[in-house]
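Chemist: First the structure, then my questions, so here it is.
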Amino acid sequence: MRPLCGRENGPACVENCPADALQLVTDVALSGMAKSRRLRTARQEHQPWHASTAAQEIPVMSKVEQMQATPARGEPDKLAIEARKTGF
């Protein structure tokens, strides 16, 4: 291990990061984060908007019907060459 990584105060890079973007994460901290994510997901799945009936309310359309419902694409508004030719 490098001498700056195994210090008593923790890694030097974590302590001296100017943006405070680094933090030391232990196995206990990782376990805690995983547990909180699992709990958050479990609470969210229990909400009424996650019920299977909501997914059935979306009308099922064939690809042809989807394409017919899509508005036609218009031609792009092109600028004159004098307006476009401003570089080089």
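To convert, note that position 4 of the sequence shown is 4 in the UniProt record's numbering; the numbers rise steadily by one, no gaps. Glycine included, C-beta positions come from ideal geometry on N, C-alpha and C. The model shown is predicted, which means the values in this text are computed figures rather than measured ones.
#1: Taking Q29 as part of the alpha helix (DSSP H), name the residues at either end of that continuous run.
#2: To the nearest angstrom, report how far apart P76 and M61 are at their CA atoms.
#3: Would you say G10 and L24 are within 9 Å of each other, going by their C-beta atoms?
#4: So the alpha helix (DSSP H) A80 belongs to, where does it begin and stop?
#5: Over what stretch of residues does the alpha helix (DSSP H) that includes K85 continue unbroken?
#6: How many Å lie between T70 and A80 at the Cα?
#7: DSSP on V64, reduced to helix/strand/coil?
#8: In the DSSP assignment, the alpha helix (DSSP H) including A19 goes from what residue to what residue?
Modeler: With the given structure in hand:
#1: As a working note, residue 29 is residue 29 in the sequence shown. Correcting the residue identity first, residue 29 is Ala in this sequence and not Gln. Note, A29: alpha helix (DSSP H), D27 to E45.
#2: Sequence index remark: in the sequence shown, residue 76 carries index 76 (1-based). Sequence index remark: in the sequence shown, residue 61 carries index 61 (1-based). The alpha-carbon atoms of P76 and M61 are separated by roughly 29 Å.
#3: Residue mapping note: residue 10 aligns to position 10 of the sequence shown, counting from 1. Residue mapping note: residue 24 aligns to position 24 of the sequence shown, counting from 1. In this structure, L24 lies closer than 9 Å to G10 by Cβ.
#4: As a first step, residue 80 must be located in the sequence shown, where it is residue number 80. Segment: none, A80 is in no alpha helix (DSSP H) and carries neither H nor E.
#5: One-based indexing of the sequence shown puts residue 85 at position 85. Unbroken run through K85: none, as it is neither H nor E.
#6: Locating residue 70 in the sequence shown gives position 70, counting from the first residue. Locating residue 80 in the sequence shown gives position 80, counting from the first residue. When rounded, the distance between both Cα atoms is 30 Å.
#7: By 1-based counting over the sequence shown, the position of residue 64 is 64. Here V64 sits in helix by DSSP.
#8: Taking the first residue of the sequence shown as 1, we reach residue 19 at position 19. Unbroken run through A19: none, as it is neither H nor E.
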